[in-house]
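Residue numbers (this note's numbering): 3 to 485.
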């Protein structure tokens, strides 16, 4: 296999779509697996769709996800510039070569003529609207006259009829198209900028791209690209077209049905390891049942041959599950750093919490959360006394004799000196025996009094983390409020 060079080539139209993240990831994994180069190229030739700040956003999102590129706009390289808007002269030179060879031609048709042509073809119910090659028959003198008079024009690819266009795809194997179904695609627009088709082929050749790994939506454009490679006499790269990402209803993944931007998932608290793990599995598996991966493990396991042809459903439930798994596999110290960041941004006023206390909260809640923020939102009682009490638990667990039982527990706890978790448990068991009641009759109202909830981590973990003085305050407060 020759030197592996792959590229991720997004357009700066806003945010990084999760589909784009998957394309970037598969390119990255393939490059790293094969000791190749991963290149970022910005395809910004469609100035009408350019969004200010989008390039910076794309780069920031890729770096957040851990997908470092070897060449690109902000890191340089031997094949730059890596912004297509800075390569216009190169495209003009190559398109002139095509014109001289008869593989491209000037088209001076007005928007009005093109509209009328399209409407007529639709009226005839032709399978697709195509340009009718009207300007291909212009004489050299006619062309020169129009150019001299600054008549607006585009340059089109000259697709010869009755050809079979055949190429190999790593994922879809042999693919063939009939050239009669391929339009004379515009290569240079009236503003002088190239279209995706020309710029992409020229840049992939000049940047020595060995494999073009991109979404399935580009499959229908590939015949045009193959014709361009052949017209220039260039070696084609290997193509690999990735399956579509689908909503649960099997429609194409779109913002109408939920978040699709990488930054949305980052801001919602998804770990980058979990999002990368999830996205990798959207259309690929290693041929076994393994679903939990870190990025370095994905590099070792990945191959293009194991990418599926069929669309992949974006299942947020599965993403949440993977996020929970990745949280459980983080060290408590790393989670502490994340939690402290969440505390800084929390609406809940949290003050004077030591690292030691937070680590205890993390250990007690680690198996019960799916997001770092839930170390706060799912156990607010660790940070502030309950402002209200769960009504169902009151009705079920707070009986007429409960206040006296809670007073007994409070008295027993007050006698403990620097109590451990085990000390609380022993004192609790002793009170239950003295009152001749089952542990359940005491532990549920105690949990309600201390946390305001009916569920949570182990009761004695909660008592130990809160500390004796805070427990006694909360028990007395519940006795007064729940009469």
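Just so you know, even glycine gets a beta-carbon here, dropped at the ideal spot from N, CA and C.
Residue 137 sits in a helix when the DSSP states are folded into three classes.
With fewer than three CB-CB distances shorter than 8 Å, the stretch 359 to 373 does not count as touching the stretch 406 to 416.
Apart from the 5 residues on each side of it in sequence, residue 432 sits with its Cβ closer than 7 Å to the Cβ of 414 in its chain, given in chain order. In the displayed model, residue 93 falls within a helix according to three-state DSSP. Counting along the chain, residue 282 sits inside the alpha helix (DSSP H) bounded by residues 274 to 282. Residue 226 is positioned such that its CB atom lies no closer than 8 Å to that of residue 165.
Close CB contacts of residue 321 within its chain, under the 6 Å cut and outside five residues either way in sequence, are with 280 (chain order). In this structure residue 206 is buried. Its beta-carbon is surrounded by 16 or more other beta-carbon atoms within 10 angstroms.
Excluding sequence positions up to five before and after residue 167, its CB lies within less than 6 Å of the CB of 179, 181, 225 and 228, all in the same chain and listed in chain order. Per the DSSP secondary-structure output, residue 190 pairs in a beta bridge with 157 and 196.
In this structure the stretch 106 to 120 does not lie against the stretch 75 to 82, because fewer than three pairs of beta carbons, one per stretch, are closer than 8 Å.
Listed in chain order, the non-local C-beta contacts of residue 33 below 7 Å within the same chain comprise 6, 8, 39 and 40, local neighbours out to five positions each way being set aside. Taken through DSSP and simplified to helix, strand or coil, residue 377 comes out as helix. Exposed is the label assigned to residue 482, since fewer than 16 other Cβ atoms lie within 10 Å of its Cβ.
A distance below 6 Å between beta-carbons, with the five flanking residues on each side excluded, links residue 223 to no residue of its chain. In the DSSP annotation of this structure, residue 263 is not part of any beta strand (DSSP E), being labelled neither H nor E.
By the Cβ neighbour-count rule, residue 212 is buried, with 16 or more other Cβ atoms within 10 Å of its own. Taken in chain order, the unbroken stretches of alpha helix (DSSP H) that lie wholly in the stretch 351 to 375 and span 4 residues or more are 357 to 367. The beta carbons of residue 203 and residue 157 sit no closer together than 8 Å.
Listed as beta-bridge partners of residue 85 by DSSP are 44.
DSSP places residue 166 in the uninterrupted beta strand (DSSP E) bounded by 166 to 171.
In the three-state reduction of the DSSP assignment, residue 466 falls in the helix class. Closest by C-alpha distance to residue 4, out of 37, 411 and 350, is 37. Remark: C-beta atoms of residue 17 and residue 44 do not approach each other more closely than 8 Å.
Bridge partners of residue 8 according to DSSP: 40 and 213. CA-to-CA, the gap between residue 346 and residue 264 works out to about 23 Å.
Per DSSP, the unbroken alpha helix (DSSP H) holding residue 425 starts and ends at 423 to 437. Per the coordinates, the alpha-carbon of residue 477 lies some 31 Å from the alpha-carbon of residue 337. DSSP places residue 57 in the helix class (H, G or I) of the three-state scheme. In terms of Cβ geometry, residue 276 and residue 325 form a close pair [threshold 8 Å]. Each residue's CA atom was taken as its position, placing residue 102 and residue 81 some 26 Å apart.
With 16 or more other CB atoms across the displayed protein chains lying within 10 angstroms of its CB, residue 304 is buried. Secondary structure at residue 390: coil, using DSSP grouped into helix, strand and coil.
Around the beta carbon of residue 29, a 10 Å sphere encloses 16 or more other beta carbons of the protein chains shown; the residue is thus reported as buried. Residue 413 sits in a helix when the DSSP states are folded into three classes. The residue among 241, 23 and 424 with its C-alpha nearest the C-alpha of residue 173 is 241.
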